[in-house]
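Undergrad: The structure's right below; bear with me while I get my questions together.
Residue numbers (full-length UniProt numbering): 1 to 225.
Set out below in structure tokens:
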């Protein structure tokens, strides 16, 4: 019997060479796939960055509301009763007009209000400005003072204080929503001027309104025409 002979060179498959070729092919595929993934990530990042930039640039920055048209107040020493009543009365007039402007603009702006108001009145008007802006309600026309009476004066108090009875007529104003629908009947029911009691205090050289009350009065007295 003949001993087994090794096969000729052409009869045995080149296994080592095949393994090398296959491994090289796999590496090439992995590298190519990795390259595509990196390029895709870069493109995605660039697109996202461009999108973010476009989003940021397309968002307008809201403009601050302009200051209220309140006359400039200059601090001064406390005067006598007559001078104090006159100056404090002017602050009442400015406050009612500022209230008209706040409600007519309905943009939430109250810049300058602190020159004529403090304490409760300042907070009351700030809240009203915010409420009307959020609700989209605008006043048309002006509320008007029909009568102002000094109720009490105490310049020896700390701080000095003056209380006013102020009759305010709202019969000529209207309030409309964003659709232009009138809400006057829901917000203002009185056909006669309404009594508003304002308390003013002398603070930092200025007379400012700090308290406000609308007392219940029979038949609109003492403001009835």
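Think of the CB as a built atom: it goes at the ideal place given N, C-alpha and C, for glycine as much as any other residue.
Which of the three DSSP states, helix, strand or coil, is assigned to residue 200?
TA: To locate residue 200, count along the chain shown from 1; it is residue 200. Strand, per DSSP.
Undergrad: At the level of alpha carbons, what is the spacing between residue 205 and residue 85?
TA: Counted from its first residue, the chain shown places residue 205 at position 205. Counted from its first residue, the chain shown places residue 85 at position 85. Near 14 Å, if we compare the C-alpha coordinates of residue 85 and residue 205.
Undergrad: I'd like to check one pair, residue 212 with residue 150: are the Cβ atoms closer than 9 Å?
TA: Along the chain shown, read from residue 1 onward, the residue named residue 150 stands at position 150. Along the chain shown, read from residue 1 onward, the residue named residue 212 stands at position 212. Result no, Cβ atoms of residue 150 and residue 212 do not sit closer than 9 Å.
Undergrad: Cutting at 7 Å between CB atoms, please list the residues of its own chain near residue 179, excluding the five before and the five after it.
TA: Translated into the one-based positions of the chain shown, residue 179 becomes position 179. Here the set comprises nothing.
Undergrad: First and last residue of the alpha helix (DSSP H) that includes residue 102?
TA: As a position in the chain shown, residue 102 is number 102, starting the count at 1. Residues 81-105.
Undergrad: Just list the residues that DSSP pairs residue 140 with in beta bridges.
TA: Within the chain shown, numbered from 1, the residue matching residue 140 stands at position 140. Its beta-bridge partners are 174.
Undergrad: Return helix, strand or coil for residue 117, following the three-state DSSP convention.
TA: If you number the chain shown from 1, residue 117 lands on position 117. Strand, per DSSP.
Undergrad: Less than 9 Å between the beta carbons of residue 177 and residue 137, yes or no?
TA: As a first step, residue 177 must be located in the chain shown, where it is residue number 177. As a first step, residue 137 must be located in the chain shown, where it is residue number 137. Going by C-beta atoms, residue 177 is nearer than 9 Å to residue 137.
Undergrad: Whole angstroms are fine: how far does the CA of residue 143 sit from the CA of residue 223?
TA: Numbered from its first residue, the chain shown carries residue 223 at position 223. Numbered from its first residue, the chain shown carries residue 143 at position 143. When rounded, the distance between both Cα atoms is 14 Å.
Undergrad: Under 8 Å: do the segment 191-208 and the segment 157-172 share three or more Cβ pairs, one atom per stretch?
TA: Taking 8 Å as the limit for Cβ pairs, the verdict is that the segment 157-172 does touch the segment 191-208.
Undergrad: DSSP state of residue 184, grouped into three classes?
TA: Sequence index remark: in the chain shown, residue 184 carries index 184 (1-based). In this structure, residue 184 counts as helix in the three-state DSSP scheme.
Undergrad: How many Å lie between residue 119 and residue 107 at the Cα?
TA: Numbered from its first residue, the chain shown carries residue 119 at position 119. Numbered from its first residue, the chain shown carries residue 107 at position 107. About 22 Å.
Undergrad: Do residue 195 and residue 214 have their beta-carbon atoms positioned less than 9 Å apart in this structure?
TA: Indexing the chain shown from 1 puts residue 214 at position 214. Indexing the chain shown from 1 puts residue 195 at position 195. Yes, these two residues count as a Cβ contact at 9 Å.
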